[in-house]
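For the sequence shown, full-length UniProt numbering begins at 1 and goes up steadily by one. Structure first, then comments.
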Amino acid sequence: MQWRHRTGAIEGQRRYWDSAADTTPAWYTATQHHVLDPVFYQEGARETDALFGVLRLPTSGTNLLEIGCGPGRMTGRLAELYDAVTAVDISPQMIARAEFVHRDSHSNISFRTVTGNGDLPFAGESFDGVFSYITLQHIPDPRHQLRYIEESLRVVRRSGWCAIQVRSPSKRSIAHEWVGHIGHTLQRKRTLSPAWRGAKIDLASVESLCRRVGADLSVNHLTLRHDWLLISRN
Numbered sequence: 001m002q003w004r005h006r007t008g009a010i011e012g013q014r015r016y017w018d019s020a021a022d023t024t025p026a027w028y029t030a031t032q033h034h035v036l037d038p039v040f041y042q043e044g045a046r047e048t049d050a051l052f053g054v055l056r057l058p059t060s061g062t063n064l065l066e067i068g069c070g071p072g073r074m075t076g077r078l079a080e081l082y083d084a085v086t087a088v089d090i091s092p093q094m095i096a097r098a099e100f101v102h103r104d105s106h107s108n109i110s111f112r113t114v115t116g117n118g119d120l121p122f123a124g125e126s127f128d129g130v131f132s133y134i135t136l137q138h139i140p141d142p143r144h145q146l147r148y149i150e151e152s153l154r155v156v157r158r159s160g161w162c163a164i165q166v167r168s169p170s171k172r173s174i175a176h177e178w179v180g181h182i183g184h185t186l187q188r189k190r191t192l193s194p195a196w197r198g199a200k201i202d203l204a205s206v207e208s209l210c211r212r213v214g215a216d217l218s219v220n221h222l223t224l225r226h227d228w229l230l231i232s233r234n
């Protein structure tokens with residue numbers, strides 16, 4: 001029986017990311033960093049601006065949903081672009097880190113934990129946009145990844161947008177990932193866990209979902225490892 005089908009698999013993911021939050025949350029969010037210092041958040045803001053620029057995402061609006069906020073590396077910058085940001089994560093400890101960092105600087109952020117199965121606890125058509133970076137790629141069950149996308153399309157408004165990053169399915173990407181896993185393991189990082197390795201989503205399933213709900217999908221192969229699903233509601 002595969003790990004993702006065992007009872008308590010989602011709880012195992014939650015424990016993994018809670019542990020990461022308690023030890024080295026910066027590294028498990030962006031592997032070039034080791035501490036949650038100002039540089040960590042400044043670079044997160046710059047990366048946010050770069051991604052919004054290259055993906056041509058709207059840089060203003062009423063409210064935005066961020067799926068997988070971690071310790072809030074990009075959340076602060078998102079809150080400077082949008083009137084209100086709702087940031088969710090599977091890990092209560094990651095949420096606690098993010099809340100602590102942004103408690104005084106950004107009053108327009110709401111943080112919530114989610115179950116991890118893809119369900120989003122919001123009413124339909126609640127957000128102008130949905131943004132998710134380096135999150136779905138860590139989810140071991142592709143069905144839960146697809147559920148997050150389905151739920152994103154439910155909670156985004158008509159004429160709204162979703163930008164969701166997933167792992168590239170290319171063979172070069174797979175080889176690159178395993179080189180990284182080996183190197184990280186030598187650094188005593190727990191990157192062989194399914195909660196880190198995640199899974200690749202079937203793009204055909206995403207295309208079928210978008211056809212069913214009447215959404216337009218384009219895929220941006222931004223880097224060797226990262227594909228972006230750019231979806232707009234009609």
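In this text, a Cβ means the ideal position worked out from N, Cα and C, and glycines have one as well. Quick caveat: nothing in here was measured; it's all calculated off a predicted structure.
task = Look up Arg41 in the DSSP assignment and say whether it is helix, strand or coil.
result = The residue you call residue 41 lines up with position 41 of the sequence shown. The residue you asked about is not Arg; residue 41 is Tyr in the sequence shown. Three-state result, Tyr41: helix.
task = Would you mind reading off the limits of the beta strand (DSSP E) that contains Tyr133?
result = Here residue 133 corresponds to residue number 133 of the sequence shown, with the count starting at 1. Annotation: Tyr133 is outside any beta strand (DSSP E) and is labelled neither H nor E by DSSP.
Buried versus exposed, by CB contacts within 10 Å (16 or more), Val54 = For the purposes of this step, residue 54 is identified with residue 54 of the sequence shown, where counting begins at 1. With fewer than 16 other Cβ atoms within 10 Å, it is exposed.
request  = Using alpha carbons as the reference points, say which of Met94, Val155 and His102 lies closest to Gly76.
outcome  = Numbered from 1 along the sequence shown, position 76 holds the residue referred to as residue 76. Ranking Met94, Val155 and His102 by Cα distance to Gly76 puts His102 first.
ask   = Secondary structure at Phe122, three-state DSSP: helix, strand or coil?
value = On the sequence shown, residue 122 is found 122 positions in, with the first residue counted as 1. Correct three-state label for Phe122: coil.
request  = Return the first residue and the last residue of the beta strand (DSSP E) that Cys162 is part of.
outcome  = In the sequence shown, residue 162 corresponds to position 162, counting from 1. Here the beta strand (DSSP E) through Cys162 covers Val156 to Arg167.
key: Distance, His226 Cα to Asn234 Cα   = Indexing the sequence shown from 1 puts residue 234 at position 234. Indexing the sequence shown from 1 puts residue 226 at position 226. Using only the alpha carbons, I get a separation of about 26 angstroms.
query = Which residues does DSSP pair with Asn63 in a beta bridge?
reply = The sequence position of residue 63 within the sequence shown is 63, counting from 1. Note: Asn63 sits in a beta bridge opposite Ala84.
Buried or exposed (CB count within 10 angstroms, at least 16 for buried), Gly124 = Taking the first residue of the sequence shown as position 1, residue 124 is located at position 124. Gly124 comes out exposed.
Contact the stretch 132-141 vs the stretch 61-76: 3+ CB pairs below 8 angstroms = Yes, since at least three Cβ pairs between the stretch 132-141 and the stretch 61-76 fall closer than 8 angstroms, the two stretches touch.
task = Could you tell me the distance, in whole angstroms, from the CA atom of Leu186 to the CA atom of Asn220?
result = What you label residue 186 is simply residue 186 of the sequence shown in a count that begins at 1. What you label residue 220 is simply residue 220 of the sequence shown in a count that begins at 1. Annotation note: pLDDT 47 at Leu186 (below 50); position unreliable, no value reported.
inquiry  = Between the alpha carbons of Thr23 and Ile10, how many angstroms are there, rounded?
reply    = For the purposes of this step, residue 23 is taken as the residue at position 23 of the sequence shown. For the purposes of this step, residue 10 is taken as the residue at position 10 of the sequence shown. Using only the alpha carbons, I get a separation of about 20 angstroms.
task = Ignoring anything shorter than 3 residues or poking outside the stretch 199-229, list the beta strand (DSSP E) runs there in chain order.
result = The stretch 199-229 contains these whole beta strand (DSSP E) runs: 215-220.
ask   = Is Ile149 helix, strand or coil by DSSP?
value = Your numbering for residue 149 matches position 149 in the sequence shown. Here Ile149 sits in helix by DSSP.
key: Under the three-state DSSP convention, the category Thr48 falls into   = Position 48 of the sequence shown, counting from 1, holds the residue named residue 48. Secondary structure at Thr48: helix, using DSSP grouped into helix, strand and coil.
task = Inspect the beta-carbon positions of Thr62 and Ala84 and report whether they are closer than 8 angstroms.
result = Working through the sequence shown from its first residue, we reach residue 62 at position 62. Working through the sequence shown from its first residue, we reach residue 84 at position 84. In this structure, Thr62 lies near Ala84, with their beta-carbon atoms less than 8 angstroms apart.
message = Just to confirm the assignment, what range does the alpha helix (DSSP H) spanning Arg197 have?
response = Numbered from 1 along the sequence shown, position 197 holds the residue referred to as residue 197. Segment Pro194 to Arg197, the alpha helix (DSSP H) holding Arg197.
query = Where Glu151 and Ile109 are concerned, what is the direct C-alpha to C-alpha distance, given to the nearest angstrom?
reply = Locating residue 151 in the sequence shown gives position 151, counting from the first residue. Locating residue 109 in the sequence shown gives position 109, counting from the first residue. C-alpha separation (whole angstroms): 20 angstroms.
ask   = Shortest alpha-carbon distance to Tyr82 belongs to which of Pro121, Ala50 and Phe127?
value = The residue you call residue 82 lines up with position 82 of the sequence shown. Scanning Pro121, Ala50 and Phe127 for the CA closest to the CA of Tyr82 turns up Phe127.
request  = Provide the residue(s) that pair with Ser19 in DSSP beta bridges, ordered along the chain.
outcome  = Translated into positions along the sequence shown, residue 19 becomes position 19. BP columns for Ser19 are empty, so no partner.
request  = May I ask you to report which of helix, strand or coil DSSP gives Thr24?
outcome  = Here residue 24 corresponds to residue number 24 of the sequence shown, with the count starting at 1. DSSP, reduced to helix, strand and coil, places Thr24 outside both helices and strands of the structure shown, so it counts as coil.
ask   = From Ile231 to Ile95, what distance separates their C-alpha atoms?
value = Here residue 231 is taken as the residue at index 231 of the sequence shown, counted from 1. Here residue 95 is taken as the residue at index 95 of the sequence shown, counted from 1. Spanning the two alpha carbons is a distance of roughly 27 angstroms.
request  = With a 10 Å radius around its C-beta and 16 neighbouring C-beta atoms as the bar for buried, classify residue 308 as buried or exposed.
outcome  = Because the chain spans 1 through 234 in this model, residue 308 falls outside it and cannot be assessed.
inquiry  = Quick check on the burial criterion: 16 or more other C-beta atoms within 10 angstroms. Buried or exposed for Thr223?
reply    = On the sequence shown, position 223 is the one that residue 223 refers to. Exposed is the call here.
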